[in-house]
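Beneath this line is the structure, given in structure tokens, with notes to follow.
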Amino acid sequence: MKNKLERYEFNKNSSYIIQDGKPLFNKTKGKWNSIFNNNNPICLELGCGNGEYTLSNSQSHPNYNFIGIDIKGSRLWKGAKYLENNNIKNALFLRIQIENILDFFDDNEVKEIIISFPDPRPKKRDIKKRLTNLNFLAIYNKIIINGGKLMLKTDDKELFEYSINEVKNSKFKNLKYSDNLYSSNEFDYVKGVKTKYEKKFLDQGKTIKFYECLK
20 MKNKLERYEF NKNSSYIIQD GKPLFNKTKG KWNSIFNNNN PICLELGCGN
70 GEYTLSNSQS HPNYNFIGID IKGSRLWKGA KYLENNNIKN ALFLRIQIEN
120 ILDFFDDNEV KEIIISFPDP RPKKRDIKKR LTNLNFLAIY NKIIINGGKL
170 MLKTDDKELF EYSINEVKNS KFKNLKYSDN LYSSNEFDYV KGVKTKYEKK
220 FLDQGKTIKF YECLK
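If you're matching positions, the sequence shown starts at 20 in my numbering and goes up one per residue.
Shown next as structure tokens:
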């Protein structure tokens, strides 16, 4: 309980987490470059968990701004603590439900979005909740700039096939994909960061599927 309370207090006071109850919450739309105090491109990690993609890429790509998005504060705590301890200025976390993302980002405000190992939601009644559902793709298409990129990483074959089909029926274009990322000669830029879940799946002998598409 003590650790839980400490994490709650950290999240409430940390400048690296934007969440309900803080001054910036609901005031970010169209203002992200001011928040970061630069005009660098903005990249989102959806369903980020501990934010491993955000943490790694914020250090290897200092000329980009990274925002990890998740609703679970217990996950964001670890990532935000890392950002604070390492004095990283080009990354932070936004604690919201992803379906509300249009309240926090303006049209054409985001350069790239990666969805890294989302919940596959295998039950038929939950299909519309998949982060790669056509309704979500329409939302992403609004906030991504022209020429910007949407990416997906997953180990789930059924979700991947479903997601490919949804992209083909969306406004995104230039779809490229691999059902075995690490045997592919393409997409080297995304192979450098392996999340906890990705390492677990690879250890289990599963193949990692990946797609990218452009607005």
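In this text, a Cβ means the ideal position worked out from N, Cα and C, and glycines have one as well.
Option nearest residue i by Cα separation, candidates the options
| i | options | result |
| --- | --- | --- |
| Ser-53 | Lys-108, Ile-120, Phe-29 | Lys-108 |
| Asp-229 | Lys-219, Asp-207, Gln-223 | Looking at the sequence provided, one finds Phe at residue 229 rather than Asp. Considering only alpha carbons, the answer is Asp-207. |
| Asp-222 | Asp-174, Asp-138, Asp-145, Ile-61 | Asp-174 |
| Ile-86 | Leu-74, Ser-203, Lys-219, Tyr-201 | Leu-74 |
| Asn-30 | Val-209, Phe-112, Ile-61 | Phe-112 |
| Tyr-216 | Val-209, Ser-135, Asn-154 | Ser-135 |
| Leu-153 | Ser-197, Ser-189, Lys-213 | Ser-189 |
| Lys-172 | Lys-143, Lys-210, Trp-96, Ser-33 | Lys-210 |
| Asn-106 | Lys-219, Glu-28, Ile-132, Ser-77 | Ser-77 |
Beta-carbon proximity list for residue i, same chain, < 6 Å, skipping 5 on both sides
| i | result |
| --- | --- |
| Leu-102 | Tyr-35, Ala-110 |
| Thr-226 | Asn-199 |
Collapsed DSSP secondary structure at residue i in the structure displayed
| i | result |
| --- | --- |
| Val-186 | helix |
| Phe-136 | coil |
| Glu-128 | coil |
| Glu-205 | coil |
| Tyr-83 | coil |
| Asp-222 | helix |
| Ile-146 | helix |
Cβ separation of residue i and residue j, assumed to be a contact under 8 Å, to the nearest whole Å
| i | j | result |
| --- | --- | --- |
| Glu-64 | Ile-88 | 7 Å |
| Glu-185 | Leu-156 | 6 Å |
| Pro-60 | Lys-130 | 4 Å |
| Ile-132 | Arg-140 | Not confirmed; about 18 Å, so no contact. |
| Phe-191 | Cys-232 | 4 Å |
| Lys-161 | Leu-121 | 7 Å |
For residue i, the first and last residue of its enclosing alpha helix (DSSP H)
| i | result |
| --- | --- |
| Lys-100 | 92–104 |
| Ile-158 | 153–162 |
| Ser-79 | 71–79 |
| Phe-229 | Element bounds for Phe-229: not the alpha helix (DSSP H) but the beta strand (DSSP E), 228–233. |
Residues near residue i in its chain [Cβ-Cβ closer than 8 Å; skip 5 each side]
| i | result |
| --- | --- |
| Phe-44 | Ile-37, Gln-38 |
| Lys-23 | Ser-93 |
Element boundaries [beta strand (DSSP E), containing residue i]
| i | result |
| --- | --- |
| Leu-194 | 192–197 |
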